[in-house]
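Using mature numbering (1 follows the signal peptide of the UniProt record, and there is no 0), the letters of the sequence shown map in sequence onto residues -22 to -1, 1 to 187. First up is the structure itself, then whatever we jot down about it.
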Amino acid sequence: MKNIFLIISAICLALFAVPVAAHGPDDEQGASSEAASAQAGSANETQGNAAAQSAAGSTSAQEEGRSDEAHESDSGSILTKLHPATVHFPIALLLMAAATEAFAAARSADASGLYRAVNVMVWGGAIGAVVAAIFGWIHTGLWFGGGTTIQLHRWTGTSIAAISLGAAAISGATNRTALRFVLGFLTLAIFAQGYWGGELAHGPNHLGL
C-alpha cells in the first residue's frame, strides 16, 4: 500500500512538473521579447525624432535661403524670369571697363584708344545695369518686403544702375580721375551684389566661407 501511494505521488508530481517546465521558459522568452521590442521601439522613436528634427532644420534653412528668391509677381509672365539672364552683361562690361582703365592709366604711351574703348564699355554696362535692375523689380513685383539679404541685393542693384549712368555721363571728360574712382567703387559693389544674389539663389553661406 505504501508503494502504491509513493507511485501515485510520483505521477502527480510529474504531471505538475510538465506544465511548469513547458510554460516557464516561454514566459521568460515572452518577457525578454517584450523588453527587446520596447527597447527597439524606443530606439526607433529616438532615431525618428532625430531624423525629423534634422529634416525640419534642413527645410527651415532652405526655406530661409529661398523664400525671398521665390517671391515674384503673380503675372507668371516670362518677364519675371529674365532677371538672372540680364545681369551678366553689365557685370562683364563694367568690370572690363575698370580693368582696361587701370591698364591704360598704368601705360606711359598714348592710351586714347583704350580710353575710347572704356567709354564704350561704360555706356554698355550702364545700359545693361538699368535693364537688369528693371527686370529685378519685375521679378519681385513692386514689393519692398523681405529679409536683410534681399534688401541689400535690391538696393545695391538699383544703386549700381544709377551710379553706372553717372559714370557713363562723365566718361568723356578729359580728366578721368572721377571716372576711375567711380569704376573702383562699382567693382566692389558688383562683387558684393553677386554674393548676395548667390545667397538668394543657392541658400545661406553658399560659398561655405
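Glycine included, every Cβ here is placed at the ideal spot set by N, Cα and C.
{"Item": "Does the separation of the CB atoms of Ala111 and Thr136 fall below 7 Å?", "Value": "yes"}
{"Item": "Mark Ala104 as exposed unless 16 or more other C-beta atoms lie within 10 angstroms of its C-beta, in which case mark it buried.", "Value": "buried"}
{"Item": "Of the choices Val160, Leu187, Leu178, Arg85, whose alpha-carbon is the least far from that of Gly124?", "Value": "Leu178"}
{"Item": "If Ile69 sits next to Ile168, beta carbons under 8 Å apart, how far is it from one beta carbon to the other, in whole angstroms?", "Value": "6 Å"}
{"Item": "Give me the residue from His184, Leu166, Leu57, Leu185 with the minimum Cα distance to Gly119.", "Value": "Leu57"}
{"Item": "By Cβ distance, which residues of its chain are closer than 7 Å to Leu161, with the 5 residues on each side in sequence left out?", "Value": "Ala75, Ala76, Glu79, Ala145"}
{"Item": "Once DSSP output is grouped into helix, strand and coil, what is the label at Gln171?", "Value": "helix"}
{"Item": "Closest to Arg158 by CA distance: which of Pro62, Phe81, His61 is it?", "Value": "Phe81"}
{"Item": "Could you tell me whether the Cβ atoms of His61 and Gly114 are closer together than 7 Å?", "Value": "yes"}
{"Item": "Please report the Cβ distance between Ala107 and Ala83, rounded to the nearest whole angstrom; I am assuming they are in contact, meaning their Cβ atoms lie under 8 Å.", "Value": "About 23 Å; that fails the 8 Å criterion."}
{"Item": "Taking Ser55 as the reference, give the member of Phe122, His117, Arg85, Leu92 with the closest Cα.", "Value": "His117"}
{"Item": "Whose C-beta lies closer than 7 Å to the C-beta of Ala(-2) among residues of the same chain, with five residues either side of it excluded?", "Value": "Legend: pLDDT at Ala(-2) = 42, less than 50; position of this residue unreliable, no value from coordinates given."}
{"Item": "Have a look at Val100, Ser90, Arg85 and flag the residue whose alpha-carbon is nearest the alpha-carbon of Thr165.", "Value": "Val100"}
{"Item": "Helix, strand or coil: which one does DSSP assign to Ser137?", "Value": "helix"}
{"Item": "According to the neighbour-count rule (16 or more other Cβ atoms, all chains shown, within 10 Å of its Cβ), is Thr127 buried or exposed?", "Value": "buried"}
{"Item": "With DSSP collapsed to three states, give me the class of Lys(-21).", "Value": "Per-residue confidence for Lys(-21) stands at a pLDDT of 49, beneath the threshold of 50, marking its modelled position as unreliable; the derived number appears in the next sentence. It is helical."}
{"Item": "Is it buried or exposed, His180, if we count other Cβ atoms within 10 angstroms and call 16 or more buried?", "Value": "exposed"}
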